[in-house]
Amino acid sequence: MKGQVMRYVVVERRGHGTYWHDPQPYLTVLPSLHDTLPAGAWSFATDPDHYDFSAPNCVKDLVLRTTPPTTNPSASFDLRFDRGPIPGHNGLTLSYNGVTSAELITEDGAPFDRSAFNSLRLDEILPTPGGCTHELAFTTATIKITCADLQANWDPPSQH
29 MKGQVMRYVV VERRGHGTYW HDPQPYLTVL PSLHDTLPAG AWSFATDPDH
79 YDFSAPNCVK DLVLRTTPPT TNPSASFDLR FDRGPIPGHN GLTLSYNGVT
129 SAELITEDGA PFDRSAFNSL RLDEILPTPG GCTHELAFTT ATIKITCADL
179 QANWDPPSQH
């Protein structure tokens, strides 16, 4: 990721392995998006844990385990994330429906790195006519999905 990718959420590389993360500009405009975001996207974006870096259901640092179909994306698909064996931190499945496009761009053009190094930095959901876009910024890649809506399902808390 080179510099700013998303419209409001700030993920800025400051040095090797050092980032500045600031979801506040997005959180400031989020209430004004209530009437234009689909219900599932709204629920996920406004979850109190979503951008709380100390919360077990925060998206920061999740590791993507499945990549989206970028050639001929299907009308629906799931993305699976986990955080590894960290007690109290849950995995996440995002289910997208009415998908019209899915883009995956890596910094070096290589296949997406599914290691913990290439973890999710932050994400942003914005309205579009008939749905929304979900942009996900990783350490060395970005994914942008345009869909009718999405559903977020967190795993139950682990019993470590």
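Our numbering numbers the first residue of the sequence shown as 29 and each following residue consecutively.
The beta carbon of each residue, even a glycine, is placed where N, CA and C say it ideally should be.
1. Would you call the stretch 128-144 and the stretch 152-170 in contact, with 3 or more CB pairs under 8 Å?
2. When burial is assigned at 16 or more other CB atoms within 10 Å of the CB, is Trp70 buried or exposed?
3. For Arg108, collect the residues of the same chain with a Cβ closer than 6 Å to its Cβ; drop the 5 residues on either side in sequence, then sort them by chain order.
4. Considering only the alpha carbon of each residue, which of Asn146, Val127, Gly126 lies closest to Glu135?
5. Could you tell me the boundaries of the alpha helix (DSSP H) in which Ser123 lies?
6. Could you check whether Pro157 and Leu65 sit closer than 8 Å to each other, using their CB atoms as the reference points?
7. Just confirm the distance between the C-beta atoms of Asp75 and Asn118, as a whole number of angstroms; I'd bet it's less than 8 Å.
8. DSSP on Pro59, reduced to helix/strand/coil?
9. Look at Val87 and Ala165 and say whether their C-beta atoms are less than 8 Å apart.
10. State buried or exposed for Gly137, treating a residue as buried only when at least 16 other CB atoms are found within 10 Å of its CB.
11. Less than 7 Å between the CB of Asp141 and some heavy atom of the ligand SAH, yes or no?
12. Taking the alpha carbon of Leu148 as the reference point, which residue from Tyr54, Ala103, Gln52, Asp110 has its own alpha carbon closest?
13. Once the 5 residues before and after Tyr54 are set aside, which same chain residues still bring their CB inside 6 Å of it?
This is what the structure holds:
1. yes
2. buried
3. Arg93, Thr94, Thr121
4. Asn146
5. Per DSSP, Ser123 belongs to no alpha helix (DSSP H); it is in the beta strand (DSSP E), 120-125.
6. no
7. With 8 Å as the limit, Asp75 and Asn118 do not qualify as a contact, their Cβ atoms being about 12 Å apart.
8. helix
9. no
10. exposed
11. The model depicted lacks the ligand SAH and carries no ligand whatsoever.
12. Asp110
13. Tyr36, Val37, Glu152
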